[in-house]
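Following the working numbering, the numbering of the sequence shown begins with 1244 at its first residue and continues without gaps.
Have a look at the structure below before the remarks.
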Amino acid sequence: MTIRKAKVQDVPTMHKLINNYASKKLMLSKALSEIYDHLSDFYVAEENKKIVGCCALHVTWEDLAEIRSLAVDPKTKGKGYGLELMKACHKEAKKLGVKKVFALTLIPEFFKKIGYHIVSRDTLPHKVWTDCIKCPIFPDCNEVPLVKQL
1244 MTIRKAKVQD VPTMHKLINN YASKKLMLSK ALSEIYDHLS DFYVAEENKK IVGCCALHVT
1304 WEDLAEIRSL AVDPKTKGKG YGLELMKACH KEAKKLGVKK VFALTLIPEF FKKIGYHIVS
1364 RDTLPHKVWT DCIKCPIFPD CNEVPLVKQL
């Protein structure tokens, strides 16, 4: 298994992984243009030169970053790709001086297993919610906010 920063040629596979989960209403969809716009935020998991997962770290405030678009090929679930992608994002966050990371997810159990805890939406800065306004399910969001101190 290799975890590395994403490259332009990875985007179509990342798009497919993310939107596979989005089609099942397990995460928000991403347009190709959104992935290209934020490519430097992304890591990919690679096995035998095939992309099997992706995850992004997006800095939102001076001491806060968001984990976004964690998606792993369903055929490879349970092999630790998601955990390794998260470790890479946490390592980068620490390197950047970020003190805590958060995620908005419909699957909080995974995040709770790795040290995240559920918080009230009010505890996150308003800047976090600027993307929410563009969301198709706004204002009826059912994602669970979780935070981890680094």
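Beta carbons are placed, not taken as given, at the ideal position from N, Cα and C, and that holds for glycine.
Keep in mind the model is a prediction, meaning the values are calculated, not measured.
Thinking C-beta only, is Ile1310 closer than 8 Å to Leu1326?
Going by C-beta atoms, Leu1326 is not nearer than 8 Å to Ile1310.
Are the CB atoms of Phe1345 and Pro1317 within a distance shorter than 8 Å?
In this structure, Phe1345 does not lie closer than 8 Å to Pro1317 by Cβ.
Drop a sphere of 10 angstroms on the beta-carbon of Val1295, count the other beta-carbons inside from all chains shown, and report buried for 16 or more, exposed for fewer.
Within a 10 Å sphere around the beta-carbon of Val1295 sit 16 or more other beta-carbons, which makes this residue buried.
Which value, in whole angstroms, describes the spacing of the CA atoms of Lys1293 and Gly1340?
Going from the Cα of Lys1293 to the Cα of Gly1340 covers about 32 Å.
Cα-Cα separation, Asp1365 to Gln1392
In this structure, the straight-line span from the alpha carbon of Asp1365 to that of Gln1392 is close to 17 Å.
Hey, how far is the Cα of Leu1275 from the Cα of Tyr1286?
Between Leu1275 and Tyr1286, the C-alpha separation is close to 16 Å.
Since Ser1312 contacts Cys1297 with CB under 8 Å, what's their CB separation in whole angstroms?
That belief holds up - the Cβ atoms of Ser1312 and Cys1297 are roughly 6 Å apart, short of 8 Å.
Can you tell me which of the three DSSP states Tyr1286 falls into?
The answer is strand: DSSP assigns Tyr1286 an E or B state.
Taking just the CA atoms, how far does Met1329 sit from Leu1347?
The alpha-carbon atoms of Leu1347 and Met1329 are separated by roughly 14 Å.
Could you check which residue in Leu1269, Asn1385, Lys1334 and Lys1273 has the C-alpha nearest to that of Pro1255?
Looking at the Cα atoms, Lys1273 is the closest of the given residues.
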